[in-house]
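What follows is one structure encoded as structure tokens, with my remarks underneath.
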Amino acid sequence: MKGILICGHGSRDPEGVEGFKALVALLRKRYPDRMVDYGFLEFSHPVYAAAVERMYVAGIREIIAIPAILFAGGHAKNDIPFEMNTLQSQYPDLRIKLGRHIGITPSILQLAGKLVAQAEAAHPPLDRQDACLLLVGRGTSDPDANSDVAKMTRMLGEGLGFGFSTTAFIGVTQPLLKDHLPIINHLPYKRIVALPVFLFTGVLLKKIYAQLEEFAATTDKQIIATRSFECDELLLQTIDERIREVQEGSPDMNCQLCKYRTQIIGFEEEVGKEQVGHHLAVKGILFEEEEKPGEKKTVLTTVKKILGI
Numbered sequence: 017m018k019g020i021l022i023c024g025h026g027s028r029d030p031e032g033v034e035g036f037k038a039l040v041a042l043l044r045k046r047y048p049d050r051m052v053d054y055g056f057l058e059f060s061h062p063v064y065a066a067a068v069e070r071m072y073v074a075g076i077r078e079i080i081a082i083p084a085i086l087f088a089g090g091h092a093k094n095d096i097p098f099e100m101n102t103l104q105s106q107y108p109d110l111r112i113k114l115g116r117h118i119g120i121t122p123s124i125l126q127l128a129g130k131l132v133a134q135a136e137a138a139h140p141p142l143d144r145q146d147a148c149l150l151l152v153g154r155g156t157s158d159p160d161a162n163s164d165v166a167k168m169t170r171m172l173g174e175g176l177g178f179g180f181s182t183t184a185f186i187g188v189t190q191p192l193l194k195d196h197l198p199i200i201n202h203l204p205y206k207r208i209v210a211l212p213v214f215l216f217t218g219v220l221l222k223k224i225y226a227q228l229e230e231f232a233a234t235t236d237k238q239i240i241a242t243r244s245f246e247c248d249e250l251l252l253q254t255i256d257e258r259i260r261e262v263q264e265g266s267p268d269m270n271c272q273l274c275k276y277r278t279q280i281i282g283f284e285e286e287v288g289k290e291q292v293g294h295h296l297a298v299k300g301i302l303f304e305e306e307e308k309p310g311e312k313k314t315v316l317t318t319v320k321k322i323l324g325i
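If you want our numbering, it's the 1-based position in the sequence shown plus 16.
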């Protein structure tokens with residue numbers, strides 16, 4: 017029997033972890049002839065090494081590893097390949113085949129359109145020409161991944177017929193959501209439809225919702241936000257596609273504008289950079305809740321204690 021390993025990022029939010037586990041449960045039903053397991057890069061258990069060991073002990077000698085990552089930033093280009101290469105070296109008779117990240121596919125675009133329609137349906141009808149579509153990405157230090165969010169914005173804006181479409185991020189890169197919302201407020205659109213591009217809920221998604229809610233109290237524009245992608249059939253179809261690519265021997269990523277492969281303006285020093293994971297310090301570290309006297313429960317992490325933060 018062969019195996020499929022779904023490689024998650026991990027979350028400090030238990031709801032996000034449960035959403036990921038629900039996806040894995042559906043994939044197990046979808047691939048009854050395979051052993052489907054999962055692991056996380058950081059903040060959650062099991063780590064990839066534990067999942068691979070479990071599969072190996074069960075007799076698996078060939079694993080298709082699929083990164084459950086939307087866009088190809090450092091996690092998809094460096095961290096997950098580094099982890100898989102390291103594990104491959106530890107099991108000489110085990111073959112690990114790494115697939116592509118999820119990326120922009122027809123199914124993903126359909127899913128995004130579906131989420132927008134569902135969010136709009138809960139409010140009075142409004143011509144989309146009078147509305148602005150706002151995609152909110154996680155944000156990375158890789159311009160290639162960030163540009164894919166912008167590409168998705170453009171494809172959805174045109175495909176869904178919005179009067180205007182724009183992109184913001186919750187961290188790492190510009191424009192940040194909190195800085196971009198006041199700019200959008202000056203545009204002549206009655207409604208802002210915010211589409212956070214996230215697979216599941218989590219700390220960052222909830223931060224996005226909080227910033228949108230805070231902004232809504234300061235503007236006369238109507239603010240609508242979609243849910244995350246979650247375990248939709250359309251997402252599962254894209255994962256099916258990624259698995260088929262590995263089986264057929266064509267799981268290549270598009271490296272045309274990858275800063276590690278090509279000289280990109282402003283990132284020339286990144287070309288040829290060694291493919292090494294950068295999350296080793298927090299791999300497998302779980303987050304704990306601790307209540308201080310007189311304070312509401314806040315998330316304090318074991319990693320903070322270890323690193324002295």
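From the three backbone atoms N, C-alpha and C, an ideal C-beta is built for every residue, glycine too.
Quick one: grab the DSSP three-state call for residue i.
i           : result
residue 205 : coil
residue 78  : strand
residue 174 : helix
residue 84  : coil
residue 215 : coil
residue 36  : helix
residue 100 : helix
residue 231 : helix
residue 90  : helix
residue 281 : Only weak support is given to the placement of residue 281: the predicted model assigns it a pLDDT of 47, under 50, and the value that follows is read from those uncertain coordinates. Coil at residue 281, not helix or strand.
residue 246 : coil
residue 198 : helix
residue 266 : coil
residue 95  : helix
residue 225 : helix
residue 30  : helix
residue 107 : coil
What does residue i pair with, by DSSP beta-bridge criteria?
i           : result
residue 24  : 56
residue 63  : 56
residue 192 : 185
residue 240 : 209
residue 19  : 51 and 79
residue 180 : 148
Is it true that the CB of residue j sits closer than 7 Å to the CB of residue i?
i           : j           : result
residue 52  : residue 20  : yes
residue 254 : residue 121 : yes
residue 216 : residue 127 : no
residue 36  : residue 24  : yes
residue 165 : residue 212 : no
residue 247 : residue 38  : yes
residue 208 : residue 237 : yes
residue 201 : residue 169 : no
residue 72  : residue 114 : no
residue 184 : residue 172 : no
residue 219 : residue 28  : yes
residue 18  : residue 46  : no
residue 32  : residue 58  : no
residue 85  : residue 117 : yes
residue 12  : residue 41  : Summary: the structure shown does not reach residue 12, with the chain confined to residues 17 through 325, and so no result is reported for it.
residue 221 : residue 214 : yes
residue 112 : residue 104 : yes
residue 99  : residue 64  : yes
Cβ of residue i less than 7 Å from any chain D Cβ?
i           : result
residue 140 : Looking at the structure shown, chain D is missing, and only one protein chain is on hand.
With a threshold of 6 Å, establish whether the CB of residue i neighbours any heavy atom of the ligand HEM.
i           : result
residue 178 : Ligands displayed in this structure: none; no statement on the ligand HEM is therefore possible.
Scan the stretch 110-171 and note each continuous alpha helix (DSSP H) run of 4 residues or more that stays entirely inside, going in chain order.
Qualifying alpha helix (DSSP H) stretches, in chain order: 122-137.
Any contact between the stretch 259-266 and the stretch 217-236? By contact I mean 3 or more CB pairs, one from each, below 8 Å.
The stretch 259-266 makes no contact with the stretch 217-236: fewer than 3 CB pairs, one atom from each, lie closer than 8 Å.
Report yes or no: do the stretch 172-189 and the stretch 145-157 share at least 3 C-beta pairs separated by less than 8 Å?
Yes, since at least three Cβ pairs between the stretch 172-189 and the stretch 145-157 fall closer than 8 Å, the two stretches touch.
Does the count of Cβ pairs from the stretch 237-252 and the stretch 62-74 closer than 8 Å reach three?
Contact between the stretch 237-252 and the stretch 62-74 is absent, because fewer than three Cβ pairs lie under 8 Å.
Pairs of beta-carbons, one from the stretch 82-100 and one from the stretch 128-135, closer than 8 Å: are there three or more?
Taking 8 Å as the limit for Cβ pairs, the verdict is that the stretch 128-135 does not touch the stretch 82-100.
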